[in-house]
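If you read the sequences in order, they're chains A and B. The first sequence begins at 6 in my numbering and counts up by one. The second sequence begins at 2 in my numbering and counts up by one. No residue lacks a Cβ here, since even glycine has one placed at the ideal position from N, Cα and C.
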Amino acid sequence: MTTGLDPALDAEMLCYCTTLTFGELRAACAAGAWPPANKERTGKLCTGCQGDLQYCLRALGVRGPA
Amino acid sequence: MSSDLGALMSATFHEAGHAHLVELVHQKDRAARRQLASVRLFAYDQDGCPRLDQTLDPGQEILDVAALLDEPARRHGRLLVVFDARYDPRIFPYRPHHYGYLHRQDSAVPPLYYAVNATLGGVPDRIGAVALNNFETYLFLDRPMTGHHAVAVGNLSRFAPADAEVVSYYEGVRHVETVRLAPKAHTEVKLEPERDGHRLRRVELKALFRMASYVVGRRAGGELVLFDHLFTYFK
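Shown next as structure tokens:
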């Protein structure tokens with residue numbers, strides 16, 4: 006089970022380049038399947054969400070890239 | 002909302018006392034097919050406190066930003082204005098563009114036209130974009146400066162604070178100023194026109210992730226004479 010991220014955010018957009026939502030990130034982390042197919046470039050294109058992505062991965066117990 | 006839609010988060014700044022219009026979709030066509038699927042406006046004060054959250058009509062061509070934000074800007078100072086748009090990638094194969102018009106009321110200074118800074122998204126995988134855009138630069142014209150210049154920078158993240166490094170170059174002299182911005186917070190980093198007798202030539206903005214940023218030029222009386230986005234360092 007993953008915790009630490011408000012479920013109210015689930016429909017909100019996290020990565021505007023790959024259109025990954027917070028809910029999709031939560032589901033992928035809960036399933037041990039981060040990153041999901043076709044979302045591998047999340048955080049790597051415009052880079053604008055990189056800070057939030059790392060924050061959320063830590064909150065969901067997934068270690069981000071070094 | 003359909004996951005087939007593209008997403009774009011653009012940002013600008015608004016100060017009270019300026020006529021400020023934003024063309025929500027620049028590439029209008031006669032059949033008016035080119036319109037956004039949705040667009041929402043948020044405004045934040047310098048500490049990142051939300052001051053307005055408004056859903057806009059995506060069919061609206063020109064938005065009067067001053068009409069919406071002059072009152073909160075008088076109360077709270079300069080605002081970070083965020084446009085959160087969704088669009089159909091079949092209609093906008095690259096991305097939509099918002100363009101701005103800015104003119105201080107009752108000023109004889111010419112108005113400024115600018116491209117609203119596309120900060121998040123609009124760069125989907127299909128474009129194959131490979132250049133990092135969290136390092137940006139701006140070259141100043143080779144002529145004497147009047148007034149003063151600054152870099153306006155805002156952090157659009159939801160959770161992550163950001164250290165933004167503003168590096169200004171005066172011939173061989175390099176000056177670094179680092180500002181820490183909480184989520185949705187923003188500031189203006191003033192640039193000295195000269196250091197050690199050398200004129201300001203270039204400024205760079207570096208951060209771990211992309212910021213909303215503009216180079217701002219003001220006359221001594223505060224009138225805006227420059228409001229322009231920086232350019233990505235790597236092309």
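Short CB-CB distance (under 9 Å) between residue i and chain B
| i | result |
| --- | --- |
| Gly66/A | no |
| Gly56/A | yes |
| Leu62/A | no |
| Leu14/A | yes |
| Gly48/A | yes |
Straight-line Cα distance separating residue j from residue i
| i | j | result |
| --- | --- | --- |
| Ala153/B | Asp143/B | 22 Å |
| Asp54/B | Gly198/B | 46 Å |
| Leu62/A | Arg200/B | 45 Å |
| Gln28/B | Arg96/B | 10 Å |
| Gly148/B | Glu45/A | 46 Å |
| Glu137/B | Tyr60/A | 24 Å |
| Val216/B | Gly37/A | 43 Å |
| Ser158/B | Pro73/B | 22 Å |
| Thr179/B | Pro145/B | 26 Å |
| Ala13/A | Phe160/B | 14 Å |
| Cys20/A | Ala109/B | 42 Å |
| Tyr88/B | Asp229/B | 25 Å |
| Asp107/B | Gly48/A | 44 Å |
| Val26/B | Leu57/B | 13 Å |
| His150/B | Met18/A | 34 Å |
| Ser39/B | Leu25/A | 17 Å |
| Asn118/B | Val67/A | 32 Å |
| His99/B | Asn43/A | 28 Å |
Partner residues on chain B for residue i, Cβ-Cβ distance less than 8 Å
| i | result |
| --- | --- |
| Cys34/A | Within 8 Å Cβ-Cβ: nothing; Cys34/A doesn't reach chain B, min ~15 Å. |
Residue i: contacting residues in chain A (beta-carbon distance under 7 Å)
| i | result |
| --- | --- |
| Gly122/B | Tyr21, Cys22 and Cys51 |
| Phe14/B | By Cβ distance, chain A contributes nothing, its closest Cβ being about 17 Å from Phe14/B, past 7 Å. |
Contacting residues, own chain, Cβ-Cβ under 6 Å from residue i (five flanking each side not counted)
| i | result |
| --- | --- |
| Asp15/A | Phe27 and Gly28 |
| Lys236/B | Because Lys236/B carries a pLDDT of 46, less than 50, the predicted location of this residue cannot be relied on, and no value is offered for it. |
| Leu50/A | Cys22 |
| Gln55/A | Gly48 |
Chain D contact residues for residue i, given Cβ-Cβ distances below 7 Å
| i | result |
| --- | --- |
| Ala8/B | The question asks about chain D, but that chain is absent: this structure's protein chains are A and B. |
For residue i, the three-state DSSP class (helix, strand or coil)
| i | result |
| --- | --- |
| Gly66/A | coil |
| Cys20/A | strand |
| Phe136/B | strand |
| Gly60/B | coil |
| Gln106/B | coil |
| Gln55/B | strand |
| Leu10/A | coil |
| Arg75/B | helix |
| Val124/B | coil |
| Val117/B | coil |
| Arg31/A | helix |
| Gly56/A | helix |
| Asp89/B | coil |
| Val174/B | strand |
| Ala42/A | coil |
Other residues of its chain near residue i: CB distance less than 7 Å, five sequence neighbours each side excluded
| i | result |
| --- | --- |
| Val75/B | The sequence as given places Arg at residue 75/B; Val does not occur at that position. Answer for Arg75/B: Ala17, listed in chain order. |
| Ala33/A | Trp39, Pro40 and Pro41 |
| Ile92/B | Arg34 and Arg35 |
| Val177/B | Glu166 and Val168 |
| Leu10/A | Phe27, Arg31, Cys61, Ala64 and Leu65 |
| Arg196/B | Tyr171, Val174 and His176 |
| His77/B | Asp46 and Arg52 |
| Gly49/B | Ala183, Pro184, Lys185 and Ala186 |
Within-9 Å CB hit, residue i to chain A
| i | result |
| --- | --- |
| Asp85/B | yes |
| Arg211/B | yes |
| Ala163/B | yes |
Under 9 Å from the C-beta of residue i: neighbouring residues of chain A
| i | result |
| --- | --- |
| Ser158/B | Gly53, Cys54, Gln55, Gly56, Asp57 and Tyr60 |
| Asn135/B | Cys51, Thr52, Gly53 and Gln55 |
Nonlocal neighbours in the same chain, by C-beta distance under 8 Å from residue i, ignoring five residues either side
| i | result |
| --- | --- |
| Gly122/B | Gly7, Ala8, Leu9, Met10 and Arg96 |
| Pro112/B | Ala20, Tyr102, Leu103 and His104 |
| Thr52/A | none |
Near the ligand PLP: residue i beta-carbon under 8 Å from a heavy atom
| i | result |
| --- | --- |
| Ala36/A | Looking for the ligand PLP in the displayed structure turns up nothing, as the structure carries no ligands at all. |
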